[in-house]
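J.:
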Amino acid sequence: MEESKLKNILNKFKNGEISEDEIIPLLKKLPYEDINFAKLDYHRSLRQGLPEVIFAEGKSIKQISKIFTTMRKHSDNILITRAREEVFSKLQEIEKNLVYNEEARCISFSKSPMQKTGGKIAIVTAGTSDIPVAEEARFTAEFFGNEVFTIYDIGVAGLHRLLDNIEKIRSADVIIVVAGMEGALPSVIGGLVDKVVIAVPSDVGYGTNFGGLTPLFGMLNSCSPNVLVVNVNNGFGAAYSATLINLNCGKNKSK
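When you line the sequence shown up against my numbering, it's residues 190 to 444, in that order.
#1: Relative to the C-alpha of Glu246, which candidate in Ile269, Leu229, Phe257, Ile224 has its C-alpha closest?
#2: Distance, Cα to Cα, Val377 vs Thr339?
#3: Less than 8 Å between the beta carbons of Val366 and Gly424, yes or no?
#4: Bridge partners for Glu336 per DSSP, in chain order?
#5: Roughly how many angstroms lie between the CA atoms of Val288 and Phe298, to the nearest whole one?
#6: Contact defined as beta carbons within less than 8 Å: I believe Ile146 pairs with Val363. What is the distance between those atoms, to the nearest angstrom?
#7: Output needed for Leu341: all residues of its chain with C-beta closer than 6 Å, excluding positions within five of it in sequence on either side, in chain order.
#8: So, are the CB atoms of Asp392 and Gly369 less than 8 Å apart?
#9: When you compare each of Tyr429, Ala388, Gln281 to Ser411 by their alpha carbons, which one comes out closest?
#10: Please list the terminal residues of the continuous alpha helix (DSSP H) segment that includes Ser254.
#11: If we count Cβ pairs, one from each stretch, closer than 8 Å, do we get three or more for the region 427-436 versus the region 327-336?
#12: Counting only the same chain and skipping the five closest in sequence on each side, list residues whose C-beta sits under 6 Å from that of Val418.
#13: Locate the beta strand (DSSP E) running through Leu287, then write down its first and last residues.
#14: From which residue to which residue does the beta strand (DSSP E) around Ser299 run?
#15: Just tell me which of Ser264, Ile283, Glu356 has its CA closest to the CA of Lys251.
#16: Just to confirm the assignment: which complete alpha helix (DSSP H) runs, minimum length 4, are found wholly within the region 345-414?
#17: Run through DSSP, which three-state label would Leu229 get?
#18: Just reading off the alpha helix (DSSP H) that Leu280 is part of, what are its end residues?
#19: Determine the closest residue to Lys300 out of Ser278, Asp265, Glu274, with distance taken between C-alpha atoms.
#20: Determine the DSSP secondary structure at Leu433, reduced to helix, strand or coil.
#21: For Ile255, I'd like the list of residues in its chain whose CB is within less than 7 Å of its CB, leaving aside the five on either flank, ordered along the chain.
#22: Is Ile334 near Thr317, with beta carbons less than 8 Å apart?
#23: Where DSSP assigns a beta bridge to Thr314, which residues make up the other side?
#24: Could you give the distance in angstroms between the alpha-carbon of Ala373 and the alpha-carbon of Gly238?
#25: Go ahead and pull the three-state DSSP assignment for Ile207.
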């Protein structure tokens with residue numbers, strides 16, 4: 190449950206618009222709801238600032254449908270990541286108000302827009318083959334209320350492409366960089382900006398990329414101290430963390 194929704198319920202109770210008998214069932218399910226194969230964490234938004242997200246990979250369509258329909262009763266905004274097109278088709282039978290990005294493999298349901306973070310995120314890729322991971326980050330970041338812009342295919346094999354775009358990249362509050370091969374781009378960008386760079390290693394590359402391990406290790410060993418690293422292909426995690434940075438910076442600015 191979002192903080193704004195909880196405040197609205199409490200205000201209605203305070204003003205006598207809803208009774209104690211009506212409010213108690215709503216609050217009973219606030220920590221989590223047990224649906225046997227999943228325990229839905231409705232308290233996460235209050236605890237961490239952002240709601241629980243459905244990770245579709247490894248779940249059956251029946252499980253995803255049950256989780257979605259249950260969460261929809263309590264949440265105005267639901268994000269589903271790593272979702273196949275068949276999942277989207279099935280969920281459309283339940284709810285028409287869905288958005289699907291095939292490249293990002295993400296589905297969103299929004300009854301009302303999420304609070305704007307007031308922050309701007311740049312999402313950059315080393316190559317065109319890294320775009321699916323970047324699109325997962327973009328879709329997630331926009332869903333969570335960030336202003337987002339993307340710059341794709343400016344890897345170190347043609348450094349002039351990065352330099353042509355560096356001023357725009359510097360305008361962002363947080364920078365997400367997706368790179369495969371040897372994973373050099375986040376370090377280069379980190380050395381040129383005064384912002385946090387969230388590096389996302391991708392599994393794009395030849396055999397010694399080792400499914401993303403080579404860029405992962407390279408990014409973890411970055412000599413740019415402002416580079417933070419998430420797991421291989423984890424565009425979602427990068428966008429989630431960038432959102433929390435923007436939300437907390439926004440709170441500090443308003444004090």
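No residue lacks a Cβ here, since even glycine has one placed at the ideal position from N, Cα and C. Since the structure is predicted, the reported quantities are computational estimates derived from the model, not experimental observations.
T.: Here's the rundown:
#1: Reading the sequence shown from its first residue, position 57 is the one you call residue 246. The candidate whose alpha carbon is nearest that of Glu246 is Ile269.
#2: Sequence index remark: in the sequence shown, residue 377 carries index 188 (1-based). Sequence index remark: in the sequence shown, residue 339 carries index 150 (1-based). The straight-line gap separating the alpha-carbon atoms of Val377 and Thr339 is approximately 17 Å.
#3: For the purposes of this step, residue 366 is taken as residue 177 along the sequence shown, with counting starting at 1. For the purposes of this step, residue 424 is taken as residue 235 along the sequence shown, with counting starting at 1. Not closer than 8 Å, so no.
#4: Mapped onto the sequence shown, residue 336 falls at position 147. Lys309.
#5: On the sequence shown, residue 288 is found 99 positions in, with the first residue counted as 1. On the sequence shown, residue 298 is found 109 positions in, with the first residue counted as 1. One C-alpha to the other measures close to 7 Å.
#6: In the structure displayed, the chain extends from 190 to 444; residue 146 sits before or after that span and is not available.
#7: Against the sequence shown, residue 341 aligns to sequence position 152. A small correction: the amino acid at residue 341 is Tyr; Leu does not occupy that position in the sequence shown. Beyond the five residues adjoining it in sequence on each side, Tyr341 comes within less than 6 Å, by CB distance, of Thr314, Ile320 in the same chain, given in chain order.
#8: Numbered from its first residue, the sequence shown carries residue 392 at position 203. Numbered from its first residue, the sequence shown carries residue 369 at position 180. In this structure, the beta-carbon distance from Asp392 to Gly369 falls below 8 Å.
#9: For this step, residue 411 is matched to residue 222 along the sequence shown. Checking every option, the nearest Cα to that of Ser411 belongs to Ala388.
#10: As a first step, residue 254 is located in the sequence shown; it is residue number 65 there, counting from the start. That run of the alpha helix (DSSP H) goes 250-261.
#11: These segments touch.
#12: In the sequence shown, counting from the first residue as 1, residue 418 sits at position 229. Close CB contacts of Val418 within its chain, under the 6 Å cut and outside five residues either way in sequence, are with Ala388, Met408, Leu409 (chain order).
#13: Along the sequence shown, one-based indexing puts residue 287 at 98. Its beta strand (DSSP E) spans residues 287-290.
#14: Locating residue 299 in the sequence shown gives position 110, counting from the first residue. First-last of the beta strand (DSSP E) with Ser299: 295-299.
#15: In the sequence shown, residue 251 corresponds to position 62, counting from 1. Nearest option by C-alpha distance: Ile283.
#16: For the region 345-414, the full-length alpha helix (DSSP H) segments reaching 4 residues or more read 348-359, 374-379, 402-409 along the chain.
#17: For the purposes of this step, residue 229 is taken as residue 40 along the sequence shown, with counting starting at 1. Three-state DSSP puts Leu229 in a strand.
#18: Along the sequence shown, read from residue 1 onward, the residue named residue 280 stands at position 91. Counting along the chain, the alpha helix (DSSP H) containing Leu280 begins and ends at 274-281.
#19: For the purposes of this step, residue 300 is taken as residue 111 along the sequence shown, with counting starting at 1. That would be Asp265, whose Cα lies nearest to the Cα of Lys300.
#20: For the purposes of this step, residue 433 is identified with residue 244 of the sequence shown, where counting begins at 1. Assignment of Leu433 by DSSP, reduced to helix, strand and coil, places it in the helix class.
#21: Your numbering for residue 255 matches position 66 in the sequence shown. According to the sequence shown, residue 255 is Lys rather than Ile. The beta carbon of Lys255 is closer than 7 Å to those of Ile224 in its chain, skipping five residues each way along the sequence.
#22: Looking up residue 334 in the sequence shown gives position 145. Looking up residue 317 in the sequence shown gives position 128. In the sequence under discussion, the amino acid at residue 334 is Gly, which differs from the Ile named in the question. The answer is no: Cβ separation not under 8 Å.
#23: Residue 314 sits at position 125 when you count from the first residue of the sequence shown. DSSP lists Val367 as partners of Thr314.
#24: What you label residue 373 is simply residue 184 of the sequence shown in a count that begins at 1. What you label residue 238 is simply residue 49 of the sequence shown in a count that begins at 1. Their Cα atoms are separated by approximately 32 Å.
#25: In the sequence shown, counting from the first residue as 1, residue 207 sits at position 18. Looking at Ile207 - three-state DSSP - the assignment turns out to be coil, as it is neither helix nor strand.
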